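Inspection log for the structure reproduced underneath, given as structure tokens.
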Amino acid sequence: MIQTPQIDWFAIVPILVLLGASFVALLGAVLVPAAWRRPFAAAVAAAGSLGALVTAVWLYVDSANGHLVIADAFYRDRWTALSQVILCAITLATVLVGAEHVREHESEFYALLLASAAGMLFFVGAANLMTMFLSLEWFSIALYVMCAIDYDLEGSLEAGLKYLVVGSFGSAALLFGSALVYGATNRIGFAQIAASADSHDLLLVLGLAMIIAGLAFKSSSAPFHMWTPDVYQGAPTTVTAFMSSATKVAAFALTFRILRTAFPQEEHLWSWAFAGIAVASLAVGNLAALVQKDVKRMLAYSSISHAGFILIGLSTGSALGGRALMYYLIPYSAMAFGSFAIVAARERELGTAVTLDNLAGFGWERPFLGVAMWFFMFGFAGLPLGGGFVGKFYVFSAAYDHGWTWLVIVGVLATLVSLYYYLGVVRAIYMRPSAELLLAGGSPPREALLQVAVGAAFVVSVGSLFAVSPLVTLARHAASALPF
Numbered sequence: 001m002i003q004t005p006q007i008d009w010f011a012i013v014p015i016l017v018l019l020g021a022s023f024v025a026l027l028g029a030v031l032v033p034a035a036w037r038r039p040f041a042a043a044v045a046a047a048g049s050l051g052a053l054v055t056a057v058w059l060y061v062d063s064a065n066g067h068l069v070i071a072d073a074f075y076r077d078r079w080t081a082l083s084q085v086i087l088c089a090i091t092l093a094t095v096l097v098g099a100e101h102v103r104e105h106e107s108e109f110y111a112l113l114l115a116s117a118a119g120m121l122f123f124v125g126a127a128n129l130m131t132m133f134l135s136l137e138w139f140s141i142a143l144y145v146m147c148a149i150d151y152d153l154e155g156s157l158e159a160g161l162k163y164l165v166v167g168s169f170g171s172a173a174l175l176f177g178s179a180l181v182y183g184a185t186n187r188i189g190f191a192q193i194a195a196s197a198d199s200h201d202l203l204l205v206l207g208l209a210m211i212i213a214g215l216a217f218k219s220s221s222a223p224f225h226m227w228t229p230d231v232y233q234g235a236p237t238t239v240t241a242f243m244s245s246a247t248k249v250a251a252f253a254l255t256f257r258i259l260r261t262a263f264p265q266e267e268h269l270w271s272w273a274f275a276g277i278a279v280a281s282l283a284v285g286n287l288a289a290l291v292q293k294d295v296k297r298m299l300a301y302s303s304i305s306h307a308g309f310i311l312i313g314l315s316t317g318s319a320l321g322g323r324a325l326m327y328y329l330i331p332y333s334a335m336a337f338g339s340f341a342i343v344a345a346r347e348r349e350l351g352t353a354v355t356l357d358n359l360a361g362f363g364w365e366r367p368f369l370g371v372a373m374w375f376f377m378f379g380f381a382g383l384p385l386g387g388g389f390v391g392k393f394y395v396f397s398a399a400y401d402h403g404w405t406w407l408v409i410v411g412v413l414a415t416l417v418s419l420y421y422y423l424g425v426v427r428a429i430y431m432r433p434s435a436e437l438l439l440a441g442g443s444p445p446r447e448a449l450l451q452v453a454v455g456a457a458f459v460v461s462v463g464s465l466f467a468v469s470p471l472v473t474l475a476r477h478a479a480s481a482l483p484f
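Residue numbering for the sequence shown follows our numbering, starting at 1 and increasing by one per position.
And the structure:
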């Protein structure tokens with residue numbers, strides 16, 4: 001008789017809620033009349049995302065003593081739960097934006113969105129190499145389809161194909177690296193790998209290098225960023241908003257966990273590797289963003305540079321670095337999502353791609369969205385108008401505490417370079433005469449739900465500056481679940 005493992009159902013309730021809502025939304029494609037299909041799918045997705053968010057918060061409160069569940073394949077702890085809270089909030093905001101911007105294949109879009117989010121929730125709690133890879137493919141396949149779902153949009157199919165091809169290389173690197181690690185240790189559990197590993201084993205080191213490469217693909221870190229500008233630019237902007245924030249949270253949360261849990265004895269190798277990747281990401285992201293005119297493409301390179309800032313904290317491998325990483329992800333995900341949501345609003349208004357030229361007058365025509373974009377850009381730049389300032393200070397503090405003053409200097413120089421293109425967006429929306437812009441569609445459309453989503457992102461971005469103490473406490477409790 002096969003012994004089945006005991007299952008802690010509560011540990012995976014947020015995942016089950018999202019999957020259930022995904023199935024219901026997909027059934028709506030065939031069971032609900034066409035006239036009601038879009039509001040039905042959006043309502044189901046919003047209810048599912050909200051339910052998952054509430055249960056993830058409950059899990060955070062109830063998981064002070066972290067432990068393994070489901071045959072030691074999944075972590076139930078506050079690091080997982082806080083990552084899930086952020087991911088569920090991003091998913092809910094995406095539903096609000098998509099309710100007014102997704103006009104075709106609504107049921108399929110929301111089903112894929114919820115399925116992808118469920119995969120990310122499972123990914124951040126993965127406790128062995130098998131669940132890590134399966135959950136990675138789970139959410140990645142859904143994202144591939146979402147990038148190409150609007151096949152009437154120029155560049156959407158190309159974006160989906162590029163993401164599929166390049167993402168497959170990343171997945172292959174991760175899988176091959178996992179196989180090498182298993183070959184060296186005969187273990188797949190993160191904690192068991194650490195107990196069985198020989199730091200002088202070349203097979204283990206090669207496996208670690210390939211795992212780092214595979215995870216760097218998913219986090220858009222240079223030099224593994226090749227797909228990011230083209231995919232972000234070509235995909236539907238609602239999908240780009242979700243990818244720019246959610247995939248960062250999932251990738252970095254899991255990366256820090258696996259490094260601290262499975263490879264602590266190789267810290268002298270992966271800390272320098274990620275410091276190098278951080279420098280490359282800061283250089284490539286900021287220098288390439290300087291010459292971009294398309295706003296989505298500029299924000300894509302911005303996301304690469306912010307991967308570099310997050311990696312500064314990650315590369316230290318310390319408890320302070322873990323807290324800095326988790327804190328940084330909160331305002332960053334809000335700013336990234338909010339800025340792409342505003343671009344989505346401008347795209348719908350103009351019916352064309354958003355560039356620095358056709359942003360002229362936007363701040364006067366849409367005052368709330370203009371102010372929000374202004375704060376998001378300043379937050380990206382690390383100016384003290386939002387949590388981005390504290391996030392950068394936090395990761396710099398972790399690097400300085402680790403003795404890497406040179407990495408702090410690189411980060412400060414990258415921040416100074418980034419001021420040029422972030423302030424260029426603010427100049428475009430406020431300081432160019434609106435006479436330069438010819439609106440094709442008359443008055444701007446009313447988008448109440450999108451403004452709610454942007455407003456929530458704005459509150460999180462700016463509020464994280466004034467709520468530093470409670471957010472740092474959340475990040476500290478989350479990081480305490482990891483071995484240091």
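The beta-carbon is built from N, C-alpha and C at its ideal position, and this holds for glycine as well. Treat the numbers as computed from the prediction; the structure is a model and nothing was measured.
Under the three-pair Cβ rule at 8 angstroms, the region 270-277 does not count as touching the region 323-336.
Under the three-state reduction of DSSP, Leu-180 is assigned to helix. Between the alpha carbons of Ile-2 and Thr-80 lies a distance of about 30 angstroms.
Secondary structure at Asn-65: coil, using DSSP grouped into helix, strand and coil.
Separation of Ala-179 and Cys-147 (C-alpha to C-alpha, rounded to the nearest whole angstrom) is 29 angstroms.
Shown here, Ala-126 sits in a strand according to DSSP, grouped into three states. Collapsing the DSSP output to three states places Thr-4 in coil. In the displayed model, Phe-256 falls within a helix according to three-state DSSP.
Measuring C-alpha to C-alpha distances from Pro-367 to each of Ala-345, Gly-388, Val-354 identifies Ala-345 as the nearest. Across the structure, Asp-72 and Asp-8 are spaced so that their CA atoms are roughly 11 angstroms apart.
Contact annotation: the region 161-168 does not touch the region 102-111, with fewer than three C-beta pairs closer than 8 angstroms. Selection Leu-153, Leu-413, Gly-119, Ser-302 evaluated against Ile-141 yields Gly-119 as nearest (Cα-Cα).
Here Ala-251 is not near Ala-324, since their CB atoms are 8 angstroms or more apart. In the structure shown, Asp-357 falls within a coil segment according to DSSP collapsed to helix, strand and coil. Within the same chain, Asp-201, Leu-203, Leu-204 come within 6 angstroms of Ala-184 by CB-CB distance, once the 5 residues on both sides are set aside.
For the 8 angstroms CB-CB criterion, Gln-233 and Arg-187 do not form a contact.
Beta-bridge partners assigned by DSSP to Gly-189: Asn-128.
Residue state for Asp-230 is assigned as helix, using DSSP reduced to three classes. About 14 angstroms separates the beta carbon of Ala-341 from that of Val-459, a gap too long to meet the 8 angstroms contact definition. The beta carbons of Ile-310 and Phe-362 sit no closer together than 8 angstroms.
Thr-352 sits exposed, since fewer than 16 C-beta atoms from the chains shown fall within 10 Å of its C-beta.
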